[in-house]
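Scroll down for the structure; my scribbles are underneath it.
The structure is reproduced here in structure tokens:
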């Protein structure tokens with residue numbers, strides 16, 4: 001996926017980063033030691049072969065001069081905090097961190113090296129038809145079970161993993177949703193709806209958020225392409241940059257409950273242990289779908305994505321608004 005936020009580097013700079021992380025004895029020869037992994041949406045990602053043949057993954061945060069959405073600032077550091085928390089508080093498999101550099105001395109941006117997981121990306125393998133229907137179903141069920149284990153982690157507040165949070169989920173969710181709308185207004189993004197109409201749709205149903213009284217760990221982006229699979233089991237979860245303390249019902253694996261363009265959520269819900277939703281739970285889920293739809297739409301401008309991506313995101317917002325009783 002193309003995005004202007006991807007901080008690509010020359011082979012010369014990549015060698016310098018390898019040397020800083022692993023020492024001069026591991027600096028590779030030639031120019032074919034790094035392969036960009038292009039399926040990410042935000043950071044630059046490389047698979048790197050060290051001199052001794054070991055493969056690792058390098059993840060690089062966006063350059064300092066690229067405009068980011070409000071909640072995207074410091075996302076790599078949030079990911080590092082999430083990985084530390086998951087490693088300490090759960091048995092969910094995540095890659096080993098080898099080296100972290102947040103000094104800005106080499107490329108003016110944060111980056112880290114981590115273990116390369118020798119397994120297919122679940123989402124890519126499924127899309128390519130490399131997995132049977134049974135394997136895909138088993139994978140989504142296991143991903144839901146992973147979500148259940150992550151959601152067992154209780155936080156000290158709602159909102160960010162570190163720093164000052166919010167006392168209630170309604171406050172946290174509304175503040176972050178408002179940040180996305182403000183980002184859209186600043187960039188003059190046409191939502192296809194009035195910003196006031198979208199705010200009113202949220203406010204009219206925000207009471208449902210008050211049912212969430214315990215801050216739980218939520219990856220937010222726990223979907224097939226952020227997981228690695230082997231023999232029908234999830235062997236690693238990656239991309240923890242959007243993690244927060246909130247309502248597990250907002251997890252990406254449940255998006256298909258509202259938006260038909262997303263995968264069938266039933267296997268994920270089974271693994272998660274989620275049964276039939278109550279009316280209040282449906283309303284919360286609709287609010288999270290609205291939040292996601294607006295985010296995807298505003299992102300198209302901040303990422304420099306093509307018109308077809310913008311039109312698709314507009315369609316998702318139309319669905320989200322209709323779920324909350326809004327029509328043109």
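Residue numbers (full-length UniProt numbering): 1 to 328. Heads up, the beta-carbon is just placed ideally off N, CA and C, and yes, glycines get one too.
Beta-bridge partners of residue 216 (DSSP): 154 and 246. By the neighbour-count criterion, in which 16 or more other beta carbons inside 10 Å mark a residue as buried, residue 320 falls on the buried side.
Residue 295 and residue 180 have their C-alpha atoms some 6 Å from each other.
Here residue 10 carries a coil assignment [DSSP, helix/strand/coil]. Distances from the CA of residue 193 to each of 90, 75, 316 and 39 were compared; the closest alpha carbon is that of 316. In the structure shown, residue 236 adopts extended strand secondary structure according to DSSP, grouped into three states.
If the five residues before and after residue 170 are omitted, its C-beta is found closer than 7 Å to the C-beta atoms of 206, 209 and 210, all from its own chain and listed in chain order.
Beyond the five residues adjoining it in sequence on each side, residue 269 comes within less than 7 Å, by CB distance, of 144 and 254 in the same chain, given in chain order.
Secondary structure remark: continuous alpha helix (DSSP H) runs of at least 4 residues inside the segment 8-79, in chain order: 11-22. In this structure residue 39 is exposed. Its beta-carbon is surrounded by fewer than 16 other beta-carbon atoms within 10 angstroms.
In the three-state scheme derived from DSSP, where H, G and I count as helix and E and B as strand, residue 272 is classed as helix. Inter-segment contact for the segment 132-141 and the segment 154-172 is absent: fewer than three beta-carbon pairs are separated by less than 8 Å. Taking C-beta separations shorter than 7 Å and ignoring five residues to either side along the sequence, the partners of residue 264 in its chain run 256, following chain order. At a Cβ-Cβ threshold of 7 Å, residue 51 and residue 35 do not count as neighbours. Residue state for residue 230 is assigned as strand, using DSSP reduced to three classes. Within the same chain, and ignoring the five residues on either side of residue 11 in sequence, the residues whose Cβ sits closer than 6 Å to its Cβ are 31. When DSSP reads this structure, residue 114 sits in a beta bridge with 57 and 97.
By the neighbour-count definition (other C-beta atoms within 10 Å, threshold 16), residue 5 is a buried residue. Of the other Cβ atoms in all chains shown, 16 or more fall within 10 Å of the Cβ of residue 299; this residue is therefore buried. Per DSSP, reduced to three states, the secondary structure at residue 144 is helical. With 16 or more other CB atoms across the displayed protein chains lying within 10 angstroms of its CB, residue 28 is buried.
As the crow flies, the alpha-carbon of residue 78 is around 12 Å from that of residue 245. Checking the DSSP bridge columns, you'll see residue 166 partnered with 158.
Of all alpha-carbon atoms in 174, 188, 95 and 104, the one lying nearest the alpha-carbon of residue 226 is that of 95.
Just measuring C-alpha positions, the residue of 279, 219 and 281 sitting nearest residue 251 is 219. Taking a contact as a CB-CB distance under 8 Å, the pair residue 302 and residue 67 counts as one, their CB atoms being some 6 Å apart. Residue 148 places its beta carbon less than 7 Å from that of residue 272.
Around residue 201, the same chain offers 290, 321, 324 and 326 as residues with beta carbons nearer than 7 Å, after the five sequence neighbours per side are excluded. The beta-carbon separation of residue 178 and residue 76, rounded to 24 Å, does not stay under the 8 Å limit for a contact. For residue 322, the enclosing alpha helix (DSSP H) stretches over residues 307-323.
Looking at 249, 7, 188 and 196, the one whose alpha-carbon comes closest to that of residue 274 is 249.
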